[in-house]
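For the sequence shown, UniProt numbering begins at 1 and goes up steadily by one.
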Amino acid sequence: MRMTISYTLDMTQTGMKSFIKLMVRWRGSVWKSVLGELIIWTVLYFTVSLIYRFLLGDIQKRIFVAFSTYLDNKIDSHIPLAFLLGFFVTFAALRWGSIVSELGSIENSAICVATFVRGTDEDTCILRRNIVRYIVLTQALVLRDISLQVRKRFPTPSTLVAAGLLTKEENEILEDIHDPYNRYWCPIQWCYSLLYNARLHGKIASDFLLDRITMEILSFHGGLESFLKYDWIPVPLIYSQLVFLAVRLYFILCLISRQFLTSEIVDSTNSIDLYVPLATMIQFLVYMGWMKVAESLLNPLGEDDDDLECNYIIDKNLTTGLNIADGATRRMPAQMKDEFWGSLHITPLYSSHAAKRTVHPMLGSANAVNLVKNKAEVLMTPHKSRLTALAAEEQGVNVKKVNVLEHNFKSELQKAKTHKKGAEKLLNNIRSRSTGKVVRERIDFESGSERRDNGGASSVVAPLHDTHWRRTEYAMNTGSNPLNIPAKSPPRDYSPYLGQDFETNSGMDEGTRTGLRRY
């Protein structure tokens, strides 16, 4: 049976469509949790209604009416369901969140083992794999004792041997340990012993790296200890009993208090609940569903639809951990220059569909405010509380004027660049002209004017004004450039900065060929 209902994809957008998709779900839903009890309650309600209408005499009806009216007037004030359920569900949700946060993942421990335990020989590979397997074995031993779904998977220790988490020799060692409480610590001790021997034989470079590995394993083991504590010490029984009893007792009393009374002494002007107690049924759905939320949160390691996938966690940690442990013997990728090497402006790419979405960067709310828009300079002075302590000549020294013309120019330029309508227009133009797939790549440069090529580490740096791109086009119906961009960008003019004849390269630095100072 599949657990942990995932509905996140249905809620990617707010709206009626997402609401309907969420409401029509059955597994793990409020309908599945409450519908059975709601049907039973409705049948009992109609039974009481038939008895009241057709089997009771006049005197008995008067007594029933008086009792029903009394309960209806007092029930909400005497049983504060909203108060009880609010605190209880909050408490259960916080506890559930703590349990989920302790659900151990093998990646950190396995990566440390694979990275810091060095060696490609068979013995070292076996050592790394066994350390990872012992960590997963510890998790399986703990979950086997606190989760019924894992207990059903591994009913006996021999099933752990059959599953490959344990060898026969290791199982015999575990069975020989006479600890009346638990033996979860034993595989962790094996891990530490193997790591210590690896350090003695030089497979771990330093004590610091050894400590780093052991701390990751200790953190994983600490999460399992928290699991055991949550299972050992549940929510106080009296608290759970109080809430569950109060909710059910409330709706038992509603079988009488919410009846439609036909006696002449009752002034009935609204007959919407004459046969079907619609308002009370909605209240039953809300309060009982609220209580079911708390019930499902109390033990997330059970077998309900929304409980944690403990067996999946074991499988994932074992498979992922062993793959990571073997990663030390795999070929590393060749180190090459990235796609953005040498680019002055890093431009991440989007699909044309995703590029339409507006991105709101993490900028301060006052970042775009230009307080000196219509000014040429700003006068900087000490605070008025300090001026009285300064002499006249000191006051003049501490007053400065700041030119803000350049700031205003840059501000207006940035505002023009980020103009939304302009960006939308450019994107639409690109999409309308695009008739094929365009692949952008750098070209090789002539000797003496290289920028950055696609070669190895011997690539050299060349002047920025010689940088240009080659666009290789795979067109469907035409050989034209769909983006209508020239194949070579115009060279950048550095003449104003050089102070020399740019064409004759007079005064240029031999290394940078720009005439600019190299730092």
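The C-beta atom is built at its ideal place from N, Cα and C for all residues, glycine as well.
It should be emphasised that the depicted structure is a prediction, and the values quoted were computed from it without experimental measurement.
For Val-117, the pairing in a beta bridge is given by DSSP as Ile-204. Comparing alpha carbon positions, the residue from Cys-125, Val-235, Ser-77, Asp-307 closest to Ser-29 is Asp-307. In the three-state DSSP reduction, Met-362 falls in the coil class, being neither helix nor strand. Here Ile-282 is exposed, its C-beta having fewer than 16 other C-beta atoms within 10 Å. Runs of the alpha helix (DSSP H) spanning 4 or more residues and lying entirely within the region 371-430 occur at 384-387, 392-397, 405-417, in chain order.
Taken in chain order, the complete alpha helix (DSSP H) segments of 4 residues or longer contained in the region 276-310 are 278-298. Asn-374 and Arg-386 have their C-alpha atoms spaced approximately 29 Å apart. Here Gln-13 carries a coil assignment [DSSP, helix/strand/coil].
Closest option to Phe-227, judged by alpha-carbon separation, among Phe-54, Pro-157, Leu-298: Leu-298. For Asp-338, there is no enclosing alpha helix (DSSP H), as DSSP gives it neither H nor E. About 13 Å separates the Cβ atoms of Glu-216 and Asn-317, ruling out a contact at the 8 Å cut-off. Thr-138 and Met-332 have their C-alpha atoms some 31 Å from each other.
Separation of Lys-32 and Ile-39 (C-alpha to C-alpha, rounded to the nearest whole angstrom) is 12 Å. The count of Cβ pairs closer than 8 Å, one atom from the region 53-69 and one from the region 204-218, stays below three, leaving the stretches out of contact. With a beta-carbon spacing of about 7 Å, Val-132 and Ile-106 fall inside the 8 Å limit used to define contacts. A straight-line Cα-Cα distance of about 14 Å links Gln-149 and Thr-159. The shortest CA-to-CA distance from Glu-394 to any of Ala-92, Pro-300, Pro-382 is the one to Pro-382. Excluding the 5 residues flanking it on each side, Val-399 has same chain C-beta neighbours closer than 6 Å at Thr-381, in chain order. In the three-state reduction of the DSSP assignment, Thr-156 falls in the coil class. The beta carbon of Trp-26 is closer than 6 Å to those of Lys-32 in its chain, skipping five residues each way along the sequence.
Under the three-pair Cβ rule at 8 Å, the region 221-241 counts as touching the region 91-98. Contact between the region 48-56 and the region 252-260 is present: three or more C-beta pairs spanning the two stretches fall below 8 Å. Taking all protein chains in view, the Cβ of Leu-166 is crowded by 16 or more other Cβ atoms within 10 Å, so the residue is classified as buried.
Judged by beta-carbon spacing, Ala-325 lies within the 7 Å limit of Arg-128, meaning their Cβ atoms are closer than that value.
Listed in chain order, the alpha helix (DSSP H) elements of length 4 or more contained wholly in the region 5-55 are 16-23, 30-50.
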